[in-house]
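One structure below.
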RNA sequence: GCGACCAUGGCGAAGUGGUUAACGCACCGGAUUGUGGCUCCGGCAUUCGUGGGUUCGAUUCCCACUGGUCGCCCCA
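In the numbering used here, the protein residues as written are 469 to 890.
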């Protein structure tokens, strides 16, 4: 075998696609109910958009982007996340001039250059929503509620919301100072990457997995102690709404998101999964400065991104039954050349009438055709031989009961309608 | 970028330094000529990831490479 998919990518084969269709359908339906409208943006954007939007100290920008120059020598990047592109479109098309809040959702592939492992790929898929224009904590809660309802609609069990506030840039700056102050005496004991982060983004040290760093971080000050009245009040309100919505959440003051644009609310959806990495199935938060950063007006926003690949992984691990409809109404079996010829027309008639039907294209004998019909789970087999054809009749056999009756060829649509429509 | 493990037919999976590389599933064909699901029979690897080496001889031993899986970092 000479060609393979590029590392970190995978084909979604027909059987799998059924699951994806179903998941997408749930997303669409939930969004419809919450009045979020789909937006489709390009899979690549100017590199600068992500550098500005996502943040140049983030891992995404520092080491994970698929960046290339096109023939016009423009630097482009395969989108590593969905928000930046949506915000760009929102600004570019001056959607802020329309009715607010603007509520959008997207579904599609994202790209990050990383070593693949369980639940992590170089091309992965996200379903995300973004809403612009509202500072009401109720909409933060709605965003979280939509995500939860989506996950529940899939039948995913044991999903928890972890929530935190990352306050405002000003408060965070003060908090950073305190963190640096706290961590500096331990500097030599911290994990190497934690040391590197100390002055650039000390909050990232908080969720380190290095044992010693963890111990040290356990004693670090909490951002919750630095909140001003407004931030604390906002956070309280969001939690109140979540209580009202009966959404199970835990406050995790160590929760740090990997993107720079968040303000106030930050949250993650965590599934009950064995693979440690992949248990975070999505995350999001509020990003009040982002629209302006991208060149738009001052405009608050909230959203989330959910990892569909991980969700499907979780569905499989939990052995969730996926409702798949792939029934075959009628398989047309023919005997002889004339019948075979006629079957082409018959298939067309049946399909126009709305039935799902199939026939043999491999010159199989009757037995082979019957086997195929059975394998493809046909409900009925229409058996057409030379004699029947001459008399204008056809045999209809129900595979489930084994019963067979001869009817007039002209009556086949009515016959199937009666038997199948339920 | 670092580490661990793995690499046999479409899939799953045994196996041995030496004439024909088990088995299961799937697929194809057959079991009196125009009828499925069960059963039975038959077919289905002439590079056992690639390239080197050790050896009289390697799929089985060694090395490199590639790929996969999982973990670290980080994230969805």
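For each residue, glycine too, the CB sits at the ideal point set by N, CA and C. Source: prediction; values computed, not measured.
Query raised in the report: For residue 802, which residues from the same chain have a beta carbon less than 6 Å from its beta carbon, with the 5 sequence-adjacent residues on both sides left out?
Result: Spatial neighbours of residue 802 in its own chain (CB-CB distance under 6 Å, excluding positions within 5 residues in sequence) are listed in chain order as 808, 811, 852.
Query - Assigned secondary structure, residue 511 (DSSP; H/G/I helix, E/B strand, else coil) - result: coil
Query raised in the report: From residue 767 to residue 888, what does the alpha carbon distance come to, in whole angstroms?
Result: Answer to the nearest angstrom: the Cα atoms are 54 Å apart.
Query raised in the report: Can you tell which of 571, 633, 695, 587 has its C-alpha closest to the C-alpha of residue 610?
Result: 571
Query raised in the report: By DSSP, does residue 914 sit in helix, in strand, or in coil?
Result: Lying outside 469 to 890, the shown extent of the chain, residue 914 is not represented and no answer is given.
**Report entry** Contained alpha helix (DSSP H) runs [length at least 4] in the segment 732 to 763, N- to C-terminal order
**Finding:** 758 to 761
Query raised in the report: Ends of the beta strand (DSSP E) at residue 544?
Result: Per DSSP, the unbroken beta strand (DSSP E) holding residue 544 starts and ends at 543 to 546.
Requested in this report: Could you tell me whether the Cβ atoms of residue 607 and residue 720 are closer together than 8 Å?
Outcome: no
Query raised in the report: Leaving out five residues before and five after residue 787 in sequence, what residues of the same chain have Cβ atoms less than 6 Å from its Cβ?
Result: none
Query raised in the report: Where does residue 578 fall in DSSP's three states?
Result: strand
Query raised in the report: Can you tell which of 694, 494, 638 has its C-alpha closest to the C-alpha of residue 730?
Result: 638
Query raised in the report: Over what stretch of residues does the beta strand (DSSP E) that includes residue 772 continue unbroken?
Result: 769 to 775
Report task. Go through its chain and collect everything with a Cβ distance to residue 577's Cβ below 6 Å, but skip five positions before and after it. Result -> 591, 593
Query raised in the report: When DSSP builds the beta bridges, which residues end up paired with residue 593?
Result: Bridge partners of residue 593: 577.
Query raised in the report: Do you know how far the Cα of residue 790 is from the Cα of residue 848?
Result: 25 Å
Query raised in the report: Within this structure, are the beta carbons of residue 628 and residue 738 separated by less than 8 Å?
Result: yes
Requested in this report: Spatial neighbours of residue 543 within its chain, please: CB distance less than 8 Å, with the 5 preceding and 5 following residues excluded, ordered by chain position.
Outcome: 514, 515, 516, 535, 536, 537
Query raised in the report: Just to confirm, are residue 622 and residue 776 a CB contact at a threshold of 8 Å?
Result: Taking 8 Å as the Cβ cut-off, residue 622 and residue 776 do not qualify as a contacting pair.
Query raised in the report: Does the Cβ of residue 529 have 16 or more other Cβ atoms within 10 Å, making it buried, or fewer, making it exposed?
Result: buried
Query raised in the report: Of the residues 707, 868, 625, 770, which one's Cα is nearest the Cα of residue 603?
Result: Closest option to residue 603, Cα to Cα, is 770.
**Report entry** Between the CA atoms of residue 497 and residue 927 - distance to the nearest angstrom
**Finding:** Absent from the structure is residue 927, since the part of the chain shown begins at 469 and ends at 890.
**Report entry** Cβ neighbour criterion (16 or more within 10 Å) applied to residue 511
**Finding:** So residue 511 ends up on the exposed side.
Query - Of the listed residues 648, 712, 838, nearest to residue 684 (C-alpha basis) - result: Checked all of 648, 712, 838; the closest Cα to residue 684 is 648.
Query - Beta-carbon separation (whole angstroms), residue 782 vs residue 741, contact threshold 8 Å - result: 5 Å
Query raised in the report: Who are residue 718's beta bridge partners in DSSP?
Result: Residue pairing by DSSP places residue 718 opposite 630 in a beta bridge.
Report task. Return helix, strand or coil for residue 475, following the three-state DSSP convention. Result -> Three-state result, residue 475: coil.
Query raised in the report: From what residue to what residue does the alpha helix (DSSP H) around residue 551 run?
Result: In the DSSP annotation of this structure, the continuous segment of the alpha helix (DSSP H) that includes residue 551 starts and ends at 551 to 560.
**Report entry** Cβ neighbour criterion (16 or more within 10 Å) applied to residue 837
**Finding:** buried
Query - residue 480 - DSSP class collapsed to helix/strand/coil - result: coil
Report task. Reducing DSSP to helix, strand and coil, say where residue 786 ends up. Result -> In this structure, residue 786 counts as coil in the three-state DSSP scheme.
Query raised in the report: For residue 876, does the count of other Cβ atoms within 10 angstroms reach 16, so buried, or fall short, so exposed?
Result: Burial call: exposed.
Query raised in the report: Looking at C-alpha atoms only, which residue of 477, 506, 597, 674 is the closest neighbour of residue 579?
Result: Nearest option by C-alpha distance: 477.
Query - Where the beta strand (DSSP E) containing residue 663 begins and where it ends - result: Residue 663 -> not in any beta strand (DSSP E); alpha helix (DSSP H) instead, spanning 660 to 665.
Query raised in the report: Beta carbon of residue 881, beta carbon of residue 821: below 8 Å?
Result: Their beta carbons are under 8 Å apart, which means residue 881 touches residue 821 by this criterion.
**Report entry** Contacting residues, own chain, Cβ-Cβ under 8 Å from residue 699 (five flanking each side not counted)
**Finding:** 633, 635, 636, 639, 732
Requested in this report: Between the Cα of residue 826 and those of 835, 856, 795, 854, spot the shortest distance and give me the residue it belongs to.
Outcome: Nearest in C-alpha terms to residue 826, of all of 835, 856, 795, 854, is 795.
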